[in-house]
Amino acid sequence: MPNIRVPKQLRRRLYVAVMQSVLLYGAPSWAHTLDYTPANVAELNKVQRTLLLRSICGYRTISVTAANILAAVPPADLLARERSLVFQEKRASEATGLPPRARTFAAWRARIAESLTEDWEGGVQQVSPMSGDSGSAKHTLMECQA
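Each number in our numbering comes from the position in the sequence shown (counting from 1) with 365 added on.
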């Protein structure tokens, strides 16, 4: 690496960040192919290893795992999958107007409500209306104010 008169660690981080950007360009569009073709994962990690060896000033005998650990960078295939998931979550949240976690909880609440309604309708004949069943799950979750 050329001498640009910046502390060594900062130079290494900058080099890795720039190379990761180039390596993972367009990852949301091609990351799904990593699940189907193991050769793509191997090739991607092989290129990343070469870049990491350059940044950590390592020899070619250093393994992929060791290079990732020394450079403190996750494997490229995992980074590509992560970028793909972030892109999909961002796209879905823009379509619904809700962040991914809020959509998950909304779907979960709907599933619980559906399950409780089915359970409650099946047990309606067993409980008389005058029994005052205020301790039931449906009453507690659906009717009571928290």
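Quick reminder that beta carbons are idealized off the backbone N, C-alpha and C, glycines included.
The C-beta separation of residue 417 from residue 436 comes to about 4 Å, placing the pair in contact by the 8 Å criterion.
Within the same chain, no residue comes within 7 Å of residue 415 by CB-CB distance, once the 5 residues on both sides are set aside.
In the DSSP assignment, residue 396 falls outside any alpha helix (DSSP H) and carries neither an H nor an E. When DSSP states are grouped into helix, strand and coil, residue 441 belongs to the helix group.
In the structure shown, the three-state DSSP call for residue 421 is helix. For residue 380, the enclosing alpha helix (DSSP H) stretches over residues 373–388.
Bounds of the alpha helix (DSSP H) holding residue 430 are 429–436.
In the three-state DSSP reduction, residue 482 falls in the helix class (H, G or I). Taking C-beta atoms as the reference points, residue 409 and residue 445 count as a pair closer than 8 Å. Its Cα nearest to that of residue 388, the residue 411 stands out among 411, 374, 400. If you compare the alpha carbons of 385, 452, 473 with that of residue 393, the shortest gap goes to 452. Counting the other CB atoms within 10 Å of its CB gives residue 375 a total below 16, which places it among the exposed residues.
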